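K.L.:
Numbering (our numbering), first residue to last: 286 to 490.
1) Would you mind listing the beta strand (DSSP E) stretches within the segment 294 to 335 that are 3+ residues and don't spill past its ends, in chain order?
2) DSSP three-state call for residue 485: helix, strand or coil?
3) Ends of the beta strand (DSSP E) at residue 435?
4) Determine the extent of the beta strand (DSSP E) in which residue 382 is found, giving its start and end residues.
5) Can residue 460 and residue 416 be called in contact, C-beta distance under 9 Å?
6) Pick out the complete beta strand (DSSP E) segments inside the segment 404 to 486, 3 residues or longer, and give them in chain order.
7) Name, in chain order, the residues that DSSP records as bridge partners for residue 347.
8) Could you spell out where the beta strand (DSSP E) holding residue 291 opens and where it closes?
9) If you drop the 5 nearest sequence neighbours on each side, which residues of the same chain put their C-beta closer than 6 Å to that of residue 429?
10) So, at 6 Å on beta carbons, what are the nonlocal neighbours of residue 439 in its own chain, with the 5 sequence-adjacent residues on each side left out?
11) Counting only C-beta atoms, is residue 346 closer than 9 Å to chain D at any point?
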């Protein structure tokens, strides 16, 4: 009822579904597909762009080959096959060319940014948050440990609950803190400040 399809081999299937573009398919109540071969298969999903796809309740994908899979997932930015593949987790958000948010409530913003675990956040070109609850902020930052935090160009928080702040800072052990340009804390519970290097386990009280 109220469905619309415009284009060659195009289909709008579902109440108020809209498909516009050759080969576009909109399947679901209120689903919208705009662009050649654009595809939606869930209620209220929206896909805009050539080969864009939205495959979750109220999911949204915008950009050529963009892909959103998951309830309320949002993917904005073209995909050329070299990155993470879009927004694949429920309530996830991916913004930027080849960015990817692959976990529940994950957030990725920037060129090739990747939030690849649940509740992970990656903001900045080539940033990666692969630990659950991890946060990576800045160009080419990495937050690999659970609930780890990295801030600054190429900062790297590898250990669980590690903190790395500053260009090239490294928190490599569990519960480590590295603050400052090229500071490195390489043992569990170690602290390095101001470019220092520490490889001795800290004392926990």
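By construction, the Cβ of each residue, glycine as well, lies at the ideal position given by its N, Cα and C atoms.
This one's a predicted model, so the numbers in the text were calculated from it and none came from an experiment.
P.N.:
Reading off the structure:
1) 296 to 298, 303 to 305, 310 to 312, 317 to 319, 331 to 333
2) coil
3) 434 to 436
4) Neither: residue 382 is in no beta strand (DSSP E) and is coded neither H nor E.
5) no
6) 406 to 408, 420 to 422, 434 to 436, 448 to 450, 462 to 464, 476 to 478
7) 333, 361
8) 289 to 291
9) 415, 416, 443
10) 425, 453
11) Although the question refers to chain D, the structure presented lacks it and comprises just one protein chain.
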